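Going by the numbering used here, the first residue of the sequence shown is number -4, and it counts up by one from there.
Heads up, the beta-carbon is just placed ideally off N, CA and C, and yes, glycines get one too.
Small disclaimer: the values here were computed from a predicted structure and weren't measured.
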Amino acid sequence: MAGHSKWANIKHKKAVTDAKRGKIFTRLIREITVAARMGGADPNMNPRLRLAIEKARDVNMSKDNIENAIRRGAGALEGANYDEVRYEGYGIAGAAVMVDCLTDNRTRTVADVRHAFVKNGGNLGTDGSVAFLFKHCGQFVFAPGTSEDKVMEAALEAGAEDVLTNEDGSVEVICAPFDFSAVKQGLGKAGLKAELAEITMKPLSETVISGDDAARMQKLLDALEALDDVQEVYTTATIDG
């Protein structure tokens, strides 16, 4: 058994995602562009690009937008040149926070990220200050009531590392990042669709935060999520209640 209120946090994350669909398009176009620039324009040979394209299709991004982003990354079209940068810091009650950005102006981005931390009761740390508290992995989360046996059989057969049942009844599958596509395909063949499926930085331990502190922590996370250059926000905080 693992996780305190995993499902509540997953539902909040989905609600935030649904509320910023326009921004999701911008983030995915940047991710596709950078993935194509770093690993080539062929999704069959570039797992990161393949995953970004899948995400874009899941939110009904047009084929033209996807292809143009790939061409920009491959150098066939002009466009901004984005750098990957990660910031690490602390939120309420010492909870660790990592912020992944794609930016064409690092000076602007670090200023925005620092301001969001300071304004909302957190502080920006140094490189490596919290990264060791997270594991880079593929993660699938299924709704409470999903058959753990069915998930376990399909996931392990497809190459997953672990299957967890959380306290709230949700079922979680963990895999190595490069096995993500194979595990997703294996789960799909078994008729299993995860509520959340992503390559993420999973906290190795959780900081449970409740009451006023929970509201303050959520405000910090929302402020970071709202920044234009931010792609993903990861935290060890579990918001209780």
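Which residues mark the beginning and the end of the beta strand (DSSP E) in which residue 205 is found?
Taken as a continuous stretch (DSSP letters only), the beta strand (DSSP E) holding residue 205 covers 202 to 205.
Using DSSP with H/G/I as helix, E/B as strand and the rest coil, what is residue 192?
Residue 192: strand per DSSP, three-state reduction.
For residue 74, name the three-state secondary structure that DSSP assigns.
The answer is coil: DSSP assigns residue 74 none of H, G, I, E or B.
Determine, using beta-carbon pairs with one atom in the segment 133 to 144 and one in the segment 99 to 109, whether at least three such pairs fall under 8 Å.
No: the two stretches stay apart, fewer than three of their Cβ pairs being nearer than 8 Å.
How far does the beta strand (DSSP E) with residue 94 in it reach, from first residue to last?
Segment 91 to 98, the beta strand (DSSP E) holding residue 94.
Do you know offhand how far residue -2's Cα is from residue 160's?
Its pLDDT being 44, under 50, residue -2 is placed unreliably in this model, and the value from its coordinates should be taken loosely. Roughly 8 Å separates the two Cα atoms.
Three-state secondary structure (DSSP) at residue 54?
DSSP places residue 54 in coil when its eight states are reduced to three.
What span of residues does the beta strand (DSSP E) with residue 232 cover, start to end?
Where residue 232 is concerned, the enclosing beta strand (DSSP E) stretches over 232 to 235.
Residues bridged to residue 134 by DSSP?
Answer is 169 and 193, bridged to residue 134.
Nearest chain C C-beta to residue 86 closer than 7 Å, yes or no?
The chain labelled as chain C is not found in the depicted structure, where only one protein chain is given.
Use the C-beta contact count for residue 199: other C-beta atoms within 10 angstroms, 16 or more gives buried, fewer gives exposed.
The residue in question, residue 199, is exposed, as its Cβ has fewer than 16 Cβ neighbours within 10 Å.
Would residue 166 be called buried (16 or more neighbouring beta carbons within 10 Å of its own) or exposed?
Under this definition residue 166 is a buried residue.
Please list the terminal residues of the continuous beta strand (DSSP E) segment that includes residue 160.
157 to 160 is the span of the beta strand (DSSP E), which, as asked, contains residue 160.
How is the alpha helix (DSSP H) around residue 151 delimited, first residue to last?
Element bounds for residue 151: 143 to 152.
At what residues does the alpha helix (DSSP H) containing residue 107 begin and finish?
101 to 114 is the span of the alpha helix (DSSP H), which, as asked, contains residue 107.
Use the C-beta contact count for residue 33: other C-beta atoms within 10 angstroms, 16 or more gives buried, fewer gives exposed.
Answer is exposed; the Cβ neighbour count stays below 16.
Evaluate the contact criterion for the segment 174 to 189 versus the segment 144 to 158: three or more CB pairs, one atom per stretch, below 8 Å.
With a cut-off of 8 Å, the segment 144 to 158 and the segment 174 to 189 count as touching, because enough Cβ pairs lie within range.
Which one of 57, 31, 94 and 59 has the shortest CA to CA distance from residue 46?
For the residues 57, 31, 94 and 59, the minimum Cα distance to residue 46 belongs to 31.
Does DSSP classify residue 139 as helix, strand or coil?
In the structure shown, residue 139 sits in coil (DSSP, three-state: anything other than H, G, I, E or B).
Does the segment 131 to 138 come within contact of the segment 162 to 181, defined as at least 3 CB pairs closer than 8 Å?
Touching, per the Cβ criterion.
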